[in-house]
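Count along the sequence shown from 1, add 75, and you get the number used in our numbering.
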Amino acid sequence: MPASGPEPNGSVLRLEPLRAWRFVAGKVSALGAVTSPPYDVLEPAIVRRLTDSDLHNMVRLILPRDPELGPSRYDEPARRLAEWQRAGVVIQDPRPALYVYEQQLGSAVLCGLVGLLGLDPARQVVLPHEDVMPHWVDDRLELMQATDADLEPILLAYGDGGAASDVVDDARAGEPWVVADTDNGAHHRIWRVDDPSTLAMIAAELANHQALIADGHHRYAAYLERRRRESGRAGSSVGLAMLVDYNRHPLTLDPIHRVIPGLDLATVTSRTPEGWQVLPGRVDRVPDRIAVTDGSDWVTLRSTRGQESPTVALLHDVLLPAWGVVEVEISFHHALSDALALAGPQQAVVELAAPRMDQVLRSAVQGVVLPQKATSFGPKPRVGLLFRTL
């Protein structure tokens with residue numbers, strides 16, 4: 076998203092070079108075998124498979140076990156990371172760079188720059204679009220502080236890039252620095268950009284843009300809290316991020332579905348307020364629809380008043396209060412099949428349609444924060460190819 080120029084207080088979009096850490100191919104079974112999807116899309120079956128794939132898989136760092144241990148549960152990932160560093164399983168790039176990262180999975184391509192994002196508490200150039208859950212912010216912050224690392228880059232999107240996007244595309248014509256294949260069939264390549272004049276050109280161009288937080292709101296909130304607590308520490312004013320020009324390299328935008336304990340279809344049918352049509356069955360051809368099931372039957376809801384806001388906002392602002400739902404009890408699922416496996420007569424599944432990019436951008440620019448887990452942007456950067464220590 077282009078901005079009107081540098082903000083009056085000097086806040087500009089910054090992506091700084093870093094000395095990234097990476098795994099050494101000869102020390103692990105394969106570079107792809109030690110990587111993981113982001114922590115918040117890890118279902119139990121995926122965790123088990125990744126844990127078994129290699130003793131050094133990143134899931135052993137980003138998803139601490141045994142919640143009953145309280146804060147001490149983060150000590151194990153910290154010790155394990157330190158052991159990997161001492162053993163040379165992971166090494167640090169000797170020179171700072173920005174990194175061009177490309178992920179190809181079928182026809183889907185994720186491509187952009189990885190670096191250290193300048194944090195923006197005023198929300199003038201780094202724009203969140205959805206709310207966060209405090210316990211997940213605390214969880215990510217405690218992990219960051221225990222490991223003294225940013226293990227997972229957040230994902231940012233901006234539009235109409237120029238010189239910076241040209242650098243990304245030009246780099247991909249050269250020999251990659253790192254290559255990896257992952258068990259989901261994706262092919263990953265990374266290039267280094269460390270020429271001072273090129274880095275200066277990228278910095279000058281990005282200063283004229285705003286960026287949307289596409290994925291990683293909880294990690295970004297943890298970055299901000301770390302900055303607040305450690306304001307005098309070098310490195311606390313930045314956090315690991317990947318920046319994508321969504322015009323050149325479009326992102327996918329998917330919904331995140333809800334499972335709501337205590338909700339039944341009779342309540343949905345009888346207590347849905349005026350301004351909504353309740354249709355029997357699961358009707359696919361209705362735009363911006365909300366479909367609800369108890370595992371046996373479905374109803375489909377559509378607003379009769381038209382809407383500019385994403386449907387997920389209307390669900391949380393209008394429908395859930397009308398149904399008497401306590402939001403803290405809701406669980407969130409990226410895969411509809413995972414949600415449907417939990418459906419029952421007193422546990423409804425809410426299937427949402429994906430928001431449109433224009434709806435999300437408009438909300439962010441206007442300073443409107445959507446409900447937590449409102450969107451799922453993708454493809455997401457694979458965890459473990461590059462990470463950062465403070």
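Here a beta-carbon is modelled for each residue, glycine too, at the ideal position from N, C-alpha and C.
Item	Value
Using 10 angstroms around the beta-carbon of Pro362, count the other beta-carbons present and answer buried if the total reaches 16, otherwise exposed.	exposed
Smallest Cα separation from Glu227: which of Glu426, Asp413, Arg377, Leu315?	Leu315
Using CA coordinates, which residue listed in Ser311, Gly370, Val103 is at the minimum distance from Leu465?	Ser311
Going along the chain, which residues of its own chain have a beta-carbon closer than 7 Å to the beta-carbon of Gly350, five neighbours each way excluded?	Ser378, Thr379, Arg380
Mind checking which residues open and close the alpha helix (DSSP H) that includes Gln220?	209-222
Identify the continuous beta strand (DSSP E) that holds His409 and give its terminal residues.	Premise fails: His409 is in no beta strand (DSSP E) and is neither H nor E.
Taking DSSP as the reference, what is the three-state secondary structure of Met133?	coil
Label Glu118 either buried or exposed according to how many other C-beta atoms from any shown protein chain fall within 10 Å of its C-beta, with 16 as the threshold for buried.	exposed
Going by DSSP, which residues form a beta bridge with Met317?	Val189, Leu230
Just checking my contact of Gly116 with Val134 at CB under 8 Å: how many whole Å lie between their CB atoms?	Residue identity check: residue 116 is Val in the sequence provided, not Gly. With 8 Å as the limit, Val116 and Val134 do not qualify as a contact, their Cβ atoms being about 11 Å apart.
Report yes if the C-beta distance between Pro425 and Val367 is below 9 Å; otherwise report no.	With the sequence shown as reference, residue 425 is identified as Val, and Pro is not the correct amino acid for it. Contact: yes.
When you compare the CB positions of Val99 and Ser128, do they come within less than 9 Å of one another, or not?	no
Just verifying my parser: in three-state terms, what is the DSSP assignment at Leu326?	coil
When you compare each of Gly442, Val435, Gly459 to Lys448 by their alpha carbons, which one comes out closest?	Val435
Return the bridge partner residues of Asp290 from the DSSP annotation.	Leu230
One question on the structure: do Arg463 and Asp225 come within less than 9 Å of each other, judged by their Cβ atoms?	yes
Which runs of the beta strand (DSSP E) spanning at least 3 residues fall entirely within the segment 83-125, listed in chain order?	96-98
So what does DSSP say about Ile335, is it helix, strand or coil?	strand
With Val425 as the anchor, note down where its beta strand (DSSP E) starts and where it stops.	422-427
Assign Thr222 to one of two classes, buried (16 or more other C-beta atoms within 10 Å of its C-beta) or exposed (fewer than that).	buried
Who pairs with Leu180 in a beta bridge, going by DSSP?	Ala183
Between the C-alpha atoms of Arg161 and Val212, what's the straight-line distance to the nearest angstrom?	29 Å
Would you give the residue range spanned by the alpha helix (DSSP H) that Ala439 belongs to?	432-440
So what's Leu340 in DSSP terms, helix, strand or just coil?	helix
Return the first residue and the last residue of the alpha helix (DSSP H) that Gln160 is part of.	150-161
How big is the Cα-Cα spacing for Glu82 and Val313?	Note on Glu82: pLDDT 44, under 50, position unreliable in the model; no value is reported.
Applying the 10 Å Cβ sphere with the 16-neighbour rule, what's the burial state of Pro420?	exposed
Residues in its own chain within less than 8 Å of Gly163 by CB, not counting five upstream and five downstream?	Val99, Lys102
By a C-beta neighbour count over all protein chains shown, 10 Å radius and 16 as the cutoff for buried, is Gly107 buried or exposed?	buried
Looking at C-alpha atoms only, which residue of Met219, Val184, Leu328, Ser345 is the closest neighbour of Ala297?	Met219
Leaving aside the five residues before and after Leu216 along the sequence, list all residues of the same chain whose C-beta is less than 7 Å from its C-beta, in chain order.	Ala297, Glu300, Arg301
With which residues is Pro355 paired in a DSSP beta bridge?	Val374
What do you get for Gly190, buried or exposed, if any count of 16 or more other CB atoms within 10 angstroms of its CB means buried?	buried
Counting along the chain, where does the beta strand (DSSP E) carrying Ser451 start and finish?	451-453
Our contact map puts Thr386 next to Leu427 with C-beta atoms below 8 Å; I'd like the distance itself, whole angstroms only.	6 Å
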